[in-house]
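Here's the structure we're looking at; comments come further down.
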Amino acid sequence: DAKTTQPNSMESNEEEPVHLPCNHSTISGTDYIHWYRQLPSQGPEYVIHGLTSNVNNRMASLAIAEDRKSSTLILHRATLRDAAVYYCIHGRRNTPLVFGKGTRLSVIA
Amino acid sequence: NAGVTQTPKFQVLKTGQSMTLQCAQDMNHNSMYWYRQDPGMGLRLIYYSASEGTTDKGEVPNGYNVSRLNKREFSLRLESAAPSQTSVYFCASEILGGYTFGSGTRLTVV
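If you read the sequences in order, they're chains L and X. Quick note on numbering: the first sequence equals residues 1346 to 1454 in the working numbering. Quick note on numbering: the second sequence equals residues 342 to 451 in the working numbering.
Below, the structure written as C-alpha cells:
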C-alpha cells in the first residue's frame, strides 16, 4: 500500500505562495508522484505529477527531493479558489491511485 | 467535451433495493475506475478496468459488481443496497497517469 504523510491542514493568505509538503519514504524507483486536489462538493482534479525532476505547469510546481522521499507542491499565488483538499500519491504507472486523507488548505482573504 | 459524466447525481435507496450507477467518458481513455468517498475520508477504490473487457477488484469490492460495457462506459451495480454503502461515488478515466473524475453520485441507503 503506497503511503504518504501530509499535514492534516494548512492555512495561507490570499496572493501569497503556498508550499504543501508530502513525505513518501516508501517510494520505489519506478513510482510517480501525483498531486490531485478536491474542491468542495466536487470530484478530485489533476494538479501535477512527476518522476524525478521538478515539474511546472500552469497550476503549480512540483519540487521533488533528490532522494525522492519527499516532495512539495507549490502554488505560486494562492487564490480563494485554491481552497481544497490536496492529495499527494505515489504509485507505479498503470497501477490505480491510492488516496489518503490529504491536506485541507484554507485561503484567507 | 463533457469529460466524465455520472448519472444519477443523487439517489436514495431502501435497504435491499438494487441500482446501477452509470459512468461514461468521451476522451477515448482505456482505463476507468470506481471510487467511494465517505465523510472526512479519502477515496477508496472499488473496482477498475484497465481496458475494455477487463475488470479487477480494488480495496473495497464487496457488495458491488461492475460492467465495462464498451470503451466509453463503466457501470457500478449494487445488487442489495446496505446502509454501509451510503457514500459519494466517483468514476474516473485515465491516460498516462492523468485521471479525470466525474462530479460524483451521492447515494443514501436508508
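Even glycine gets a Cβ: it sits at the ideal position worked out from N, Cα and C.
Inspect the beta-carbon positions of residue i and residue j and report whether they are closer than 8 Å.
i: L/I1419; j: L/H1364; result: yes
i: L/I1372; j: L/L1407; result: no
i: L/F1444; j: X/L384; result: yes
i: X/L374; j: X/E414; result: With the sequence shown as reference, residue 374 of chain X is identified as Tyr, and Leu is not the correct amino acid for it. Cβ distance not < 8 Å, so X/Y374 and X/E414 don't count as in contact.
i: L/G1447; j: L/Q1387; result: no
i: X/L354; j: X/V450; result: yes
i: L/M1355; j: L/L1450; result: yes
i: X/Y388; j: X/D397; result: yes
Alpha carbon to alpha carbon, how far is residue i from residue j?
i: X/C432; j: X/G445; result: 7 Å
i: X/Q426; j: L/E1411; result: 42 Å
i: X/L419; j: L/P1362; result: 44 Å
i: L/G1395; j: L/H1369; result: 13 Å
i: X/H390; j: L/R1413; result: It is Ser, not His, that sits at residue 390 of chain X in the sequence shown. X/S390 and L/R1413: Cα-Cα distance of roughly 29 Å.
i: X/S416; j: X/L448; result: 15 Å
i: L/Y1381; j: L/P1389; result: 6 Å
i: X/M368; j: L/I1393; result: 19 Å
i: X/F351; j: L/E1360; result: 36 Å
i: X/T395; j: X/A365; result: 16 Å
i: X/M360; j: L/H1421; result: 44 Å
i: L/Q1383; j: X/A422; result: 27 Å
i: L/K1348; j: L/I1409; result: 16 Å
i: X/K412; j: L/A1454; result: 44 Å
Helix, strand or coil for residue i? Go by DSSP, reduced to three states.
i: X/R377; result: strand
i: L/R1426; result: helix
i: X/P402; result: coil
i: L/Q1351; result: coil
i: X/Q426; result: helix
i: L/E1411; result: coil
i: X/S390; result: strand
i: L/I1419; result: strand
Residues from the region 364 to 388 of chain X in contact with chain L, defined by Cβ distance under 9 Å: S372, Y374, Y376, Q378, G381, M382, G383, L384, R385 and L386
Scan the region 1372 to 1384 of chain L for residues whose Cβ lies nearer than 9 Å to a Cβ of chain X and list them as they occur along the chain. Y1377, H1379, Y1381 and Q1383
Positions along the region 1401 to 1432 of chain L whose CB lies within less than 9 Å of some CB in chain X: Per Cβ criterion, the list reads V1430 and Y1432.
Along the region 1430 to 1449 of chain L, where does the CB come closer than 8 Å to a CB of chain X? Name the residues. Y1432, R1438, N1439, P1441, L1442, V1443, F1444, G1445, K1446 and G1447
Name the residues in the region 343 to 361 of chain X whose C-beta lies less than 7 Å from a C-beta of chain L; which are they? Within the region 343 to 361 of chain X, no residue qualifies.
Beta carbons nearer than 9 Å to chain L: which residues of the region 396 to 422 of chain X have them? D397, G399 and E400
Listed from N- to C-terminal order along the chain, which residues in the region 1352 to 1363 of chain L have their beta-carbon within a distance smaller than 8 Å of any beta-carbon of chain X? none
By the 7 Å beta-carbon criterion, what residues does the region 425 to 439 of chain X contribute toward chain L? F431, G438 and G439
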